[in-house]
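K.L.:
Quick note on the UniProt record's numbering: the sequence shown kicks off at 1 and runs consecutively.
Glycine included, C-beta positions come from ideal geometry on N, C-alpha and C.
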Amino acid sequence: MTDYTTPITATFELQRQALLQSQRAVETSFEFQKEMTTAALESLDVQETSQRQAVEFLQDNVHRTLDAMEGIPGAAGMTEEVRATVDDQYAQLLDTHAEAFETIEDEVDEGADSYNEMMSEYLDTLDEQLETLLDAHEEFEDHSVEATEQVSEQVEELQDQVEDVQAQIQDVSEQAAEAIEA
Numbered sequence: 001m002t003d004y005t006t007p008i009t010a011t012f013e014l015q016r017q018a019l020l021q022s023q024r025a026v027e028t029s030f031e032f033q034k035e036m037t038t039a040a041l042e043s044l045d046v047q048e049t050s051q052r053q054a055v056e057f058l059q060d061n062v063h064r065t066l067d068a069m070e071g072i073p074g075a076a077g078m079t080e081e082v083r084a085t086v087d088d089q090y091a092q093l094l095d096t097h098a099e100a101f102e103t104i105e106d107e108v109d110e111g112a113d114s115y116n117e118m119m120s121e122y123l124d125t126l127d128e129q130l131e132t133l134l135d136a137h138e139e140f141e142d143h144s145v146e147a148t149e150q151v152s153e154q155v156e157e158l159q160d161q162v163e164d165v166q167a168q169i170q171d172v173s174e175q176a177a178e179a180i181e182a
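(1) I'd like the list of long-range same chain contacts for Phe-12, defined as Cβ closer than 6 Å, with 5 residues on each side in sequence excluded.
(2) Quick one: grab the DSSP three-state call for Gly-111.
(3) Thinking C-alpha only, which one of Gln-175, Ser-120, Ser-152 and Arg-16 is nearest Leu-130?
(4) How big is the Cα-Cα spacing for Ala-39 and Met-69?
(5) Using only the alpha-carbon positions, how far apart do Glu-27 and Ser-43 sit?
(6) Do three or more CB pairs link the segment 95 to 109 to the segment 73 to 81 at distances below 8 Å?
(7) If you run the structure through DSSP and keep just helix, strand and coil, what is Gly-71?
(8) With a CB to CB cut of under 7 Å and the five nearest residues on each side skipped, what residues in its chain are close to Leu-20?
(9) Helix, strand or coil for Ala-182 per DSSP?
(10) Do Leu-66 and Thr-79 have their C-beta atoms within less than 8 Å of each other?
(11) Can you round the beta-carbon distance between Leu-94 and Arg-52 to whole angstroms, since I take them to be within the 8 Å contact cut?
(12) Under the rule that 16 or more other beta-carbon atoms within 10 Å means buried, what is Glu-107, buried or exposed?
Written as structure tokens, this is what we have:
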């Protein structure tokens with residue numbers, strides 16, 4: 001008996017492997033996105049530090065300019081007043097800067113947490129649906145293999161019948177040829 005089911009089972013197995021690989025690709029993509037979010041959060045800290053240092057550098061430059069101006073006769077009282085105003089404004093700027101970055105970081109954290117939760121639920125749902133699909137796929141494979149085996153048996157029975165008929169025709173033809181010769 002010829003085995004007609006081997007290509008069918010191989011095809012079904014390839015389909016299942018493709019489904020599982022697709023699922024792994026989705027999971028890998030999700031993990032990559034989580035890592036990118038973490039990297040973005042970490043880069044916010046670096047960016048905040050860099051910007052704060054730039055503001056502090058500018059404040060130091062203003063202080064150096066005021067220090068140089070204090071050497072001018074009569075400017076000492078005026079520079080102290082300007083220095084106090086500049087320091088107040090830079091302090092407010094640095095506070096606002098820190099608050100802004102804290103707000104951004106909190107929002108990104110909250111968004112990342114929500115996204116991660118949603119993706120986790122999505123992956124759980126995907127797992128359940130894939131499991132259901134694979135069960136149905138295996139059941140369909142079983143029915144397909146069974147149907148193919150039945151058709152294969154019927155084809156073999158038909159071939160046997162055709163061979164029997166051909167043998168009978170051959171016998172009748174030989175008998176007819178013998179009858180004609182006799």
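P.N.:
In short, the structure shows the following:
(1) Start at 1 with the first residue of the sequence shown, and residue 12 comes out as number 12. The answer, listed in chain order, is Glu-141.
(2) For the purposes of this step, residue 111 is identified with residue 111 of the sequence shown, where counting begins at 1. In the structure shown, Gly-111 adopts helical secondary structure according to DSSP, grouped into three states.
(3) Stepping through the sequence shown from its first residue, residue 130 is reached at position 130. When only C-alpha atoms are compared, the closest one is Arg-16.
(4) The residue you call residue 39 lines up with position 39 of the sequence shown. The residue you call residue 69 lines up with position 69 of the sequence shown. Straight-line Cα distance between these residues: approximately 45 Å.
(5) For the purposes of this step, residue 27 is taken as residue 27 along the sequence shown, with counting starting at 1. For the purposes of this step, residue 43 is taken as residue 43 along the sequence shown, with counting starting at 1. Those two C-alpha atoms are separated by around 24 Å.
(6) No, because fewer than three Cβ pairs between the segment 95 to 109 and the segment 73 to 81 fall closer than 8 Å, the two stretches do not touch.
(7) Here residue 71 corresponds to residue number 71 of the sequence shown, with the count starting at 1. Annotated three-state conformation of Gly-71 is coil, per DSSP.
(8) Here residue 20 refers to the residue found at position 20 when the sequence shown is read from its first residue. Nothing meets the Cβ criterion.
(9) Translated into the one-based positions of the sequence shown, residue 182 becomes position 182. Here Ala-182 sits in coil by DSSP.
(10) Position 66 of the sequence shown holds residue 66. Position 79 of the sequence shown holds residue 79. Between Leu-66 and Thr-79, the CB-CB gap stays under 8 Å.
(11) What you label residue 94 is simply residue 94 of the sequence shown in a count that begins at 1. What you label residue 52 is simply residue 52 of the sequence shown in a count that begins at 1. About 6 Å separates the two Cβ atoms, so the contact holds.
(12) Start at 1 with the first residue of the sequence shown, and residue 107 comes out as number 107. Residue environment analysis places Glu-107 among the exposed positions, since fewer than 16 neighbouring C-beta atoms fall within 10 angstroms of its C-beta.
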